[in-house]
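Protein chains in written order, with our numbering: chain A, 2 to 274; chain B, 2 to 274; chain C, 2 to 274.
Backbone N, C-alpha and C define an ideal beta-carbon position, used for all residues, glycine too.
Here's the structure, in structure tokens; my notes come after.
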Amino acid sequence: MTTGVEIAELLTRVRETTPLVQCITNSVVTNFTANVLLAAGAAPAMVDIPQEAGMFATMAGGLLVNTGTPTAEQRAAAREAVAGAGEAGTPWVLDPVAIGALPVRTALAAELAEQHPAAVRGNASEILALAGAGSGGRGVESSDSISDAAGAARELASRLSTVVAVSGPVDLVTDGTRVLRVGNGHELLTRVTGGGCALGAFITAFLAARAEAEPLAAVVAAHTVYGIAAERAAAGCAGPGSFATALIDSLAALTAAEVEAGARVWQDSEEQK
Amino acid sequence: MTTGVEIAELLTRVRETTPLVQCITNSVVTNFTANVLLAAGAAPAMVDIPQEAGMFATMAGGLLVNTGTPTAEQRAAAREAVAGAGEAGTPWVLDPVAIGALPVRTALAAELAEQHPAAVRGNASEILALAGAGSGGRGVESSDSISDAAGAARELASRLSTVVAVSGPVDLVTDGTRVLRVGNGHELLTRVTGGGCALGAFITAFLAARAEAEPLAAVVAAHTVYGIAAERAAAGCAGPGSFATALIDSLAALTAAEVEAGARVWQDSEEQK
Amino acid sequence: MTTGVEIAELLTRVRETTPLVQCITNSVVTNFTANVLLAAGAAPAMVDIPQEAGMFATMAGGLLVNTGTPTAEQRAAAREAVAGAGEAGTPWVLDPVAIGALPVRTALAAELAEQHPAAVRGNASEILALAGAGSGGRGVESSDSISDAAGAARELASRLSTVVAVSGPVDLVTDGTRVLRVGNGHELLTRVTGGGCALGAFITAFLAARAEAEPLAAVVAAHTVYGIAAERAAAGCAGPGSFATALIDSLAALTAAEVEAGARVWQDSEEQK
Chain A
2 MTTGVEIAEL LTRVRETTPL VQCITNSVVT NFTANVLLAA GAAPAMVDIP
52 QEAGMFATMA GGLLVNTGTP TAEQRAAARE AVAGAGEAGT PWVLDPVAIG
102 ALPVRTALAA ELAEQHPAAV RGNASEILAL AGAGSGGRGV ESSDSISDAA
152 GAARELASRL STVVAVSGPV DLVTDGTRVL RVGNGHELLT RVTGGGCALG
202 AFITAFLAAR AEAEPLAAVV AAHTVYGIAA ERAAAGCAGP GSFATALIDS
252 LAALTAAEVE AGARVWQDSE EQK
Chain B
2 MTTGVEIAEL LTRVRETTPL VQCITNSVVT NFTANVLLAA GAAPAMVDIP
52 QEAGMFATMA GGLLVNTGTP TAEQRAAARE AVAGAGEAGT PWVLDPVAIG
102 ALPVRTALAA ELAEQHPAAV RGNASEILAL AGAGSGGRGV ESSDSISDAA
152 GAARELASRL STVVAVSGPV DLVTDGTRVL RVGNGHELLT RVTGGGCALG
202 AFITAFLAAR AEAEPLAAVV AAHTVYGIAA ERAAAGCAGP GSFATALIDS
252 LAALTAAEVE AGARVWQDSE EQK
Chain C
2 MTTGVEIAEL LTRVRETTPL VQCITNSVVT NFTANVLLAA GAAPAMVDIP
52 QEAGMFATMA GGLLVNTGTP TAEQRAAARE AVAGAGEAGT PWVLDPVAIG
102 ALPVRTALAA ELAEQHPAAV RGNASEILAL AGAGSGGRGV ESSDSISDAA
152 GAARELASRL STVVAVSGPV DLVTDGTRVL RVGNGHELLT RVTGGGCALG
202 AFITAFLAAR AEAEPLAAVV AAHTVYGIAA ERAAAGCAGP GSFATALIDS
252 LAALTAAEVE AGARVWQDSE EQK
């Protein structure tokens with residue numbers, strides 16, 4: 002069970018170690034993603050071209066592959082980078098954005114998923130599609146609920162020996178055996194583009210900085226901290242525009258004590274705290 | 002004649018139907034465009050690679066093609082997507098950014114314009130260039146005025162059987178016969194990158210959600226709502242940075258009553274309301 | 002020696018002449034860069050595809066080449082554009098982002114550096130790498146200090162007959178003979194993605210608008226104005242998110258008197274003012 006204290010310690014470790022996070026991500030969210038990583042204390046690097054991505058993945062602390070706008074060069078770079086991450090033991094995260102109906106990204110995500118991601122993160126429709134159990138959502142939106150995807154998430158995690166995280170009103174994170182829930186977050190995250198994509202990068206930073214902590218704990222911690230920051234940002238904002246700005250401020254300002262006090266994480270078969 | 006009540010009803014319809022808006026747009030404005038669409042209640046999807054763009058255009062509620070940074074893959078994707086939109090009857094909008102002197106985008110825009118866009122939107126120089134009547138502006142800026150472009154806009158709309166919208170201090174929207182003017186808007190829209198490009202996506206959302214309304218009415222409504230939101234955003238802001246943030250907030254918060262009260266639309270040969 | 006009055010005059014000239022600044026820059030910072038240029042009074046144009054970039058560089062007031070995410074098309078466009086700039090006498094700026102270990106961008110930057118940039122701007126690790134004297138930084142971060150890079154910056158400036166600017170807590174700007182220091186700026190610029198990249202575009206605008214002023218003076222003026230705007234933005238902000246927004250507002254609002262009063266520039270072998 003991941004406690005608020007453990008979660009806060011992982012945030013502190015991100016801030017103290019400044020993990021270098023390589024992002025191969027979509028053109029819509031690069032700026033927001035980089036600013037989220039900087040606010041968390043990590044060092045973003047969008048190295049996403051062939052002949053550079055592979056070698057950089059051997060040097061980076063973590064790698065994110067997001068399939069949101071997968072150009073031919075990004076697909077080649079992603080293959081290189083995942084191979085480089087495998088050689089060097091760099092933890093990497095797959096965010097299979099909008100897979101299902103769209104053939105190029107769906108094939109890419111299916112191929113890369115077999116190459117030992119440390120975590121896979123998506124919405125319910127994306128996780129169902131990756132598990133081969135759904136037809137995908139409506140573009141980048143989920144048309145399925147977390148409970149629809151819970152079984153597929155556990156099976157996928159077991160089959161790939163990875164951690165699978167499904168974002169929703171309450172997030173689900175599983176390693177195939179244990180199922181944890183994160184109650185932190187805010188609806189405004191779905192009203193800002195990149196709310197989920199930047200979380201994928203945030204997870205990568207926590208995996209890169211986790212030291213002896215389990216991947217499951219790092220993924221849960223990233224969801225929790227991000228969710229608490231979103232709650233605090235939402236409190237004072239006037240709408241989705243100012244929320245996005247406030248989320249960056251909030252991530253930079255968040256204290257360990259606030260994380261400890263705000264964490265709402267529980268394991269299935271337990272009561273919600 | 003489009004009234005404030007009709008305009009407000011179209012905004013409500015966008016919010017209630019959450020149209021899926023596919024954007025093939027330039028790398029400078031993807032993030033802002035997606036956030037404008039989300040704030041309006043639409044669902045953005047930047048599906049802009051070959052082998053995905055065409056099929057997605059058959060599923061989407063509307064399609065935007067913006068020529069701001071037209072890479073080879075985006076050009077191929079745009080051709081696919083426009084063909085897919087044609088097959089499926091998906092309304093699509095052409096925003097011929099910076100055409101005129103620049104040969105690649107000028108040829109692309111001329112080719113696509115023949116394929117039945119529901120609307121074409123640009124500044125005066127771009128509309129003149131597309132009509133074959135001008136030499137284009139200075140990059141993305143217009144060096145011509147709305148009155149310079151009024152005749153070309155009407156002729157272009159008639160020839161292509163489309164709606165042509167020209168942005169300026171007072172916007173002009175025409176189907177070749179009727180000429181409507183929208184007095185809403187704010188000068189700060191020209192001080193923020195993507196102020197016009199995001200309007201192209203906003204128009205697409207209104208066309209996707211319009212149901213029985215005429216395309217002309219949908220395009221006028223989009224300009225009016227966007228302009229009212231800009232006026233409200235400008236009222237409290239400290240400069241172009243906070244204006245961009247406030248515009249997103251304002252689009253999300255705008256009520257039907259505010260739209261009805263704020264709309265300044267008139268038809269040529271009428272007096273301004 | 003560049004005085005506050007001279008610096009303020011250059012800012013006024015940027016605002017009065019609205020220089021057209023072509024940017025071939027990375028996908029992370031396009032939006033922020035365009036908004037910085039607009040706030041300064043310049044006209045951004047991200048024309049970065051082959052067959053357009055070269056001809057546009059002959060029409061533009063200035064050209065920026067930034068190697069942050071150098072796709073194949075951007076590399077071809079950069080070569081075209083630098084050639085076009087050379088033919089037309091358009092001043093151009095090289096920002097060799099993250100060169101050193103990464104082979105594609107390192108080779109590109111080395112090749113382009115020989116083609117008469119008006120200025121080269123980077124962090125200490127990038128300048129050392131371009132001078133052949135270092136191994137490069139850690140992705141986009143500098144792992145070297147300004148004093149480590151001072152000698153390399155002077156040698157590089159002399160060899161290329163250009164101005165070299167090294168960003169740090171105190172910026173160094175040199176033409177190989179004179180070494181100027183700019184004490185303006187704020188640590189939050191390093192916490193926002195594009196803080197340095199947008200400065201490259203800002204420098205380009207000042208070079209484009211400089212008229213009879215020396216390139217060295219224009220580069221120093223750009224650093225100073227940008228730094229003063231950052232100081233003012235930092236004063237009232239709640240973190241890096243609101244700082245980025247406030248920086249845009251601050252650039253737009255800055256008066257000549259504020260620049261004159263705030264400038265902290267000195268030449269080596271002088272005392273700091």
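(message) With a threshold of 6 Å on Cβ separation, who are the neighbours of L64(A) within its own chain once the five nearest residues in sequence on each side are excluded?
(response) Q23, A58, A82, A86, T91 and W93
(message) Quick check on V29(A): does DSSP put it in helix, strand or coil?
(response) coil
(request) Can you grab the Cα-Cα spacing for the pair L200(B) / Y227(B), in whole Å? (result) 7 Å
(message) What does the Cβ neighbour count give for P104(B), buried or exposed, with the cut at 16 atoms within 10 Å?
(response) exposed
(request) Give the interface partners of E53(C) over in chain B, defined as CB-CB distance under 8 Å, in chain order. (result) L103, P104, V105 and R106
(request) Measure how close the beta-carbons of G55(B) and R16(B) come, nearest whole angstrom, since I'm counting them as under 8 Å. (result) So it is not a contact: roughly 29 Å between Cβ atoms.
(request) For Q268(B), name the three-state secondary structure that DSSP assigns. (result) strand
(request) May I ask you to report which of helix, strand or coil DSSP gives G123(C)? (result) strand
(message) For P45(B), list the residues DSSP reports as bridge partners.
(response) V22(B)
(message) Any C-beta of chain B within less than 8 Å: which residues of the stretch 234-248 of chain C qualify?
(response) A245, T246, A247 and L248
(request) Quick one: grab the DSSP three-state call for D250(B). (result) helix
(request) Anything in chain A within Cβ reach of E74(B), meaning under 8 Å, just list it in chain order. (result) T72 and A73
(message) Just to confirm my understanding: we take E261(A), look at its own chain, exclude 5 residues before and 5 after, and list those with CB closer than 7 Å. What are they?
(response) G5, V6 and A9
(request) For A264(B), decide whether its Cβ has a neighbour in chain A, counting only Cβ atoms nearer than 8 Å. (result) no
(message) Whether or not the stretch 197-214 of chain B and the stretch 209-222 of chain C are in contact is what I'm after, with contact meaning three or more pairs of Cβ atoms, one per stretch, closer than 8 Å; do they touch?
(response) no
(request) Please list, in chain order, all residues of the same chain as N27(C) whose beta carbon is under 7 Å from its beta carbon, the five residues on each side excluded. (result) N67, G69, T70, V98 and C198
(message) Using DSSP's beta-bridge definition, name the partner residues of L181(C).
(response) V174(C) and Q268(C)
(request) State the DSSP-derived secondary structure class of A111(A), mapped to helix, strand or coil. (result) helix
(message) What residue range does the beta strand (DSSP E) around V1(A) cover?
(response) Residue 1(A) falls outside the range modelled here, since chain A spans only 2 to 274, and no answer is possible.
(message) By alpha-carbon positions, which one of H187(A), A120(A) and G186(A) ends up nearest to V154(A)?
(response) Strictly speaking, residue 154(A) in this sequence is Ala, with Val absent from that position. Nearest C-alpha to A154(A): A120(A).
(message) Taking the alpha-carbon of R233(C) as reference, which of T34(C), L161(C), D149(C) and T256(C) has the nearest alpha-carbon?
(response) T256(C)
(request) Select from the stretch 185-203 of chain A all residues with a C-beta closer than 9 Å to any C-beta belonging to chain B, and list them in chain order. (result) T191, R192, V193, T194 and G195
(request) Quick one: measure Cβ to Cβ for H177(B) and F33(B), integer angstroms, because I've assumed they're closer than 8 Å. (result) A small fix is needed here, since residue 177(B) is Gly in this sequence, not His. Contact flag wrong, Cβ pair sits at about 31 Å.
(request) Using beta-carbon positions only, say whether A223(A) and F203(A) come within less than 8 Å of one another. (result) yes
(message) With the cut-off set at 8 Å, would you say N185(C) and T246(C) are in Cβ contact?
(response) no
(request) With a threshold of 16 other CB atoms inside 10 Å of the CB of A236(A), please say whether the residue is buried or exposed. (result) exposed
(message) If you reduce the DSSP assignment to three classes, tell me which class D145(B) lands in.
(response) coil
(request) Give the residues from the stretch 23-54 of chain A that approach chain B closer than 9 Å (Cβ to any Cβ), ordered along the chain. (result) N27, S28, V29, V30, T31, N32 and F33
(request) Check whether the Cβ of D96(C) lies closer than 8 Å to any Cβ atom in chain D. (result) No chain D appears in this structure, whose protein chains are A, B and C.
(message) Would P1(B) and L189(B) qualify as a contact pair, given that the criterion is a beta-carbon distance under 8 Å?
(response) Missing from the structure shown is residue 1(B); chain B here goes from 2 to 274 and no further.
(request) Leaving aside the five residues before and after L248(A) along the sequence, list all residues of the same chain whose C-beta is less than 7 Å from its C-beta, in chain order. (result) A230, A231 and A234
(request) Note down the Cα distance separating E88(A) from L161(A), rounded to an integer number of angstroms. (result) 18 Å
(message) Does the CB of A119(B) have a neighbour CB from chain C at under 8 Å?
(response) no
(request) Name, please, each residue of chain A whose Cβ falls closer than 8 Å to the Cβ of A99(C). (result) A46 and V48
(request) Assign S270(B) to one of two classes, buried (16 or more other C-beta atoms within 10 Å of its C-beta) or exposed (fewer than that). (result) exposed
(request) Can you have a look at A258(C) and say buried or exposed, based on whether 16 or more other CB atoms are within 10 angstroms of its CB? (result) exposed
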